[in-house]
Structure formats: C-alpha cells, structure tokens
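Position one of the sequence shown corresponds to residue 546 (the working numbering), numbered consecutively onward.
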Amino acid sequence: MKPQELTQTSTKPPAIEMSGIRKSYRMGDEEVHALDGIDFRVDVGEFVAVVGASGSGKSTLMNIIGLLDEPDEGVYLLNGRNARSLSDGESAAIRNRTIGFVFQDFSLLPTMNAFENVRLPLLYRGMHPKEASEKAMEHLDLVGLESRAHHLPTQLSGGQQQRVAIARALAGDPQVLLADEPTGALDSKTSEEVMQLLEKSNKSGQTIVFITHNPDLALRTGRTVSISDGKIREGAI
Ligand SMILES: Nc1ncnc2c1ncn2[C@@H]1O[C@H](COP(=O)(O)OP(=O)(O)OP(=O)(O)O)[C@@H](O)[C@H]1O
Ligand SMILES: [Mg+2]
546 MKPQELTQTS TKPPAIEMSG IRKSYRMGDE EVHALDGIDF RVDVGEFVAV VGASGSGKST
606 LMNIIGLLDE PDEGVYLLNG RNARSLSDGE SAAIRNRTIG FVFQDFSLLP TMNAFENVRL
666 PLLYRGMHPK EASEKAMEHL DLVGLESRAH HLPTQLSGGQ QQRVAIARAL AGDPQVLLAD
726 EPTGALDSKT SEEVMQLLEK SNKSGQTIVF ITHNPDLALR TGRTVSISDG KIREGAI
C-alpha cells in the first residue's frame with residue numbers, strides 16, 4: 546500500500562459509530578427497553594454479524610442504523626455525520642443512495658411485480674430508465690429469479706420474495722448494506738448462494754451489517770456481536 550492510501554484509509558470516519566443509544570417502546574403501562582445503551586462501531590468495509598435471541602432488539606438497532614427510526618437517547622454518526630443533524634430530505638437521499646436495506650419482512654410493494662420492485666429505487670435516484678431496467682434484471686438474475694420478474698409478491702414464495710428484497714438492496718450498489726435475516730426464509734442451498742453474494746459485495750468494498758440466527762453464517766463474517774438485555778457485546782453469546 547502506498548503511504549498516501551494508508552493516510553486516506555486511516556482518516557476515514559467509521560461507517561457507523563453509536564454511543565449510548567437507547568430506545569424504549571411503551572405498550573400500555575409497560576415500557577420495553579429494546580436498546581439500553583448501545584455502543585457500536587463498524588468501520589468502512591467491515592462485514593459484521595449481529596446475533597441475539599428473538600426480541601433482543603436487533604431489528605430496532607437496524608432501523609436506527611438505516612435512519613428509519615430515531616433513538617430516544619445517544620449519538621449516532623453515519624460516515625461521521627450526526628444522524629440528528631440530517632433534514633428529512635437528506636435522510637431520504639442517504640437511504641436511497643448510501644444504504645441498502647433487506648427488511649426482515651421483505652417490505653415489497655404489493656402492487657408491483659418483482660422487476661418493478663427492484664427497479665423503483667433506481668428510478669427514484671434519477672437513473673436512466675433503460676439502465677435501471679437492465680440493472681434490475683441483472684440483479685434478479687443474480688438471485689436466480691429472472692423467470693419470476695413479472696410475478697407479483699403474492700405470486701412468489703417467501704424465499705423468492707426474500708430474494709427480490711435482496712436484489713433490490715444490492716441493485717443500487719449501496720455503500721452500506723443492512724440485511725435483517727436475509728436468509729431466514731431460504732433453504733440451505735439458496736442461503737449459501739445469498740451468503741456468497743454478500744461475501745462478494747463485501748470483498749468489493751461494501752460495508753455489511755448482517756443479522757442472522759445461523760451461527761455458521763455468522764462465523765464467515767469478519768466479526769460477530771451479540772445483543773442481549775438491550776446491550777451489545779463483541780462475540781457470539
Ligand atoms: N413498534 C413497537 N412497539 C412496541 N414494541 C416494540 C416495537 N418494535 C419492537 N418492539 C419490542 O422491542 C423489542 C425488540 O424488538 P426487535 O424487533 O428489535 O427484536 P429482534 O431482535 O429483531 O427479534 P427477532 O429475532 O424476533 O426479529 C421486543 O420486545 C419487541 O416486542
Ligand atoms: Mg428482528
């Protein structure tokens with residue numbers, strides 16, 4: 546590595562830097578402390594697995610990282626910028642251009658077919674329709690769904706919907722990929738293919754936060770953190 550590159554790498558702020566993040570939900574008289582003082586840092590280019598029991602706060606954390614929700618307390622810096630200082634328009638632009646999100650419940654638009662679901666965020670960011678269409682098909686192909694491009698979500702199996710969600714997140718070549726159990730609905734062969742896609746994206750420089758219940762997949766990332774009692778710690782439980 547040339548000295549100049551070394552300097553550039555070392556001065557880059559972390560992709561994600563959180564300190565003292567708290568988030569509670571009130572349900573009637575009861576308050577659930579989903580996140581209770583999270584300190585979490587992910588450097589640019591890292592591949593980090595997040596594990597933890599059901600209800601431990603993984604999706605809550607992911608939604609805050611992805612600017613879909615705000616913490617009650619704490620500081621969150623995304624690429625060195627304080628999330629609180631972002632206007633709604635800036636947050637929306639970052640979600641569209643910088644972050645790719647594979648939602649646990651897929652969150653596909655029900656009235657659009659697989660192809661249109663993958664293409665829409667590309668059109669939103671102003672990509673030429675022809676290029677957006679090509680990219681959408683290319684990514685459906687990558688997840689093995691080119692023959693299902695014109696199916697609506699209701700005409701797809703759970704695993705196929707999950708793969709559309711993965712194609713949608715990857716098509717925009719996001720700097721940071723947030724994947725909430727992206728292999729949860731997949732058989733072992735398809736799950737392996739998706740894992741290889743994530744590994745390839747990470748090798749080409751993408752930062753990935755990957756929630757999983759699968760310890761074998763977690764072991765293949767660079768680092769695993771676990772959440773329990775609203776806190777995060779290094780290593781699997
Ligand atoms: N919108 C909400 N309103 C009230 N409580 C919520 C809400 N979202 C999450 N919670 C609660 O916060 C806690 C953390 O939920 P979260 O969805 O983050 O868990 P998780 O680790 O992603 O679980 P899973 O592995 O089942 O997906 C749970 O106790 C849940 O019931
Ligand atoms: Mg979850």
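Glycine included, C-beta positions come from ideal geometry on N, C-alpha and C.
Tell me whether residue i, by its Cβ, gets closer than 7 Å to a heavy atom of ligand 2.
i: D614; result: no
i: Q649; result: yes
i: S604; result: yes
i: D725; result: yes
Which of helix, strand or coil does DSSP assign to residue i?
i: N627; result: strand
i: T752; result: strand
i: G634; result: helix
i: E661; result: helix
i: V739; result: helix
i: T699; result: helix
i: M563; result: strand
i: R670; result: coil
i: G645; result: strand
When you compare each of the options to residue i by their alpha carbons, which one comes out closest?
i: G597; options: I609, I610, L613, L580; result: L580
i: I711; options: L762, Q700, D686, S733; result: D686
i: E661; options: D732, V577, M682; result: M682
i: D732; options: S702, T556, K675; result: S702
i: T766; options: M740, I583, M607, D774; result: M740
i: T556; options: R586, G625, S601; result: G625
i: P559; options: T735, Q720, S746, L690; result: Q720
With a threshold of 7 Å, establish whether the CB of residue i neighbours any heavy atom of ligand 1.
i: V577; result: yes
i: S771; result: no
i: M657; result: no
i: S599; result: yes
i: Y807; result: This structure does not reach residue 807, given that the chain is present from 546 up to 782, and the question cannot be answered.
i: M563; result: no
Should residue i be flagged as near chain B, meaning a C-beta pair shorter than 8 Å?
i: L613; result: Absent from the structure: chain B. Only one protein chain is present.
Would you call the region 742 to 755 in contact with the region 581 to 597, where contact means no fewer than 3 C-beta pairs closer than 8 Å?
yes
With a cut-off of 8 Å, do at least 3 Cβ pairs link the region 697 to 715 to the region 644 to 664?
yes
Okay, do the region 558 to 576 and the region 601 to 619 touch, 3+ Cβ pairs below 8 Å being the bar?
yes
Is it the case that the region 603 to 612 contacts the region 663 to 682, given that we only count it when at least three CB pairs across the two stretches are under 8 Å?
no
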